[in-house]
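Numbering (the numbering used here), first residue to last: 670 to 879. Glycine is no exception: its CB is placed at the ideal position from the N, C-alpha and C atoms.
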Ligand code: GRF
């Protein structure tokens, strides 16, 4: 099996990166080939190093407002390592048209809500304020709009009566850790017609077993 070489972009603790790492094995159709962070102290970099995966910090701050110069550096690092697919895992920079076009149909993201509900930030507090009874997470292709690309998969969890944004976030995060590896395997796996059919089918999970 030819494994797809995945580059993961992170900004923070990297628990989704860890879940993707843990999913790797002989029958997994992807391998994490490089991890890139825009903050040198991102926890995800240490997770990569501990697993023997190349970890690179490309600090966005010296680039100031020149977003595309920052993104060209990331793009060059990915291309130099023959990356097939880029997975955003808590990467907190909005990507410009340059990067999104350069990696069109090879760029995925995980977002902590059942899109199209609650794009953007503070999804858990907003779900509670809206009185949502069902919440969850989505893995989607990245297009130019924020959190609007085609959905690859979603996992649902209930909102419980005593939930706080923190308790709800914890439940959703557990679902993220199940959903992201499954979706990445879906888009990386299978050659020919069977693979194409799988990639055209969105994955929906009930990620809650009380
Ligand atoms: C996750 O909730 C993810 O959905 C969002 O940012 C968070 C990253 O968490 N995009 P982690 O760094 O993977 O632990």
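Residue 690 carries a helical assignment under DSSP once its states are collapsed to helix, strand and coil. Counting along the chain, residue 846 sits inside the alpha helix (DSSP H) bounded by residues 834-857. With a threshold of 16 other beta carbon atoms within 10 Å, residue 740 meets it and is buried.
The beta carbon of residue 717 sits closer than 6 Å to those of 704, 724, all from its chain and outside the five residues before and after it, given in chain order. Look at residue 807 here: in three-state DSSP terms it is strand. The beta carbon of residue 854 is closer than 8 Å to those of 692, 697, 698, 699 in its chain, skipping five residues each way along the sequence. At the C-beta level, residue 763 and residue 852 stay beyond 9 Å of one another. Between the alpha carbons of residue 806 and residue 875 lies a distance of about 11 Å.
Restricted to the stretch 694-758, the beta strand (DSSP E) segments that are unbroken, complete and at least 3 residues in length are 699-706, 723-726, 754-757, listed in chain order.
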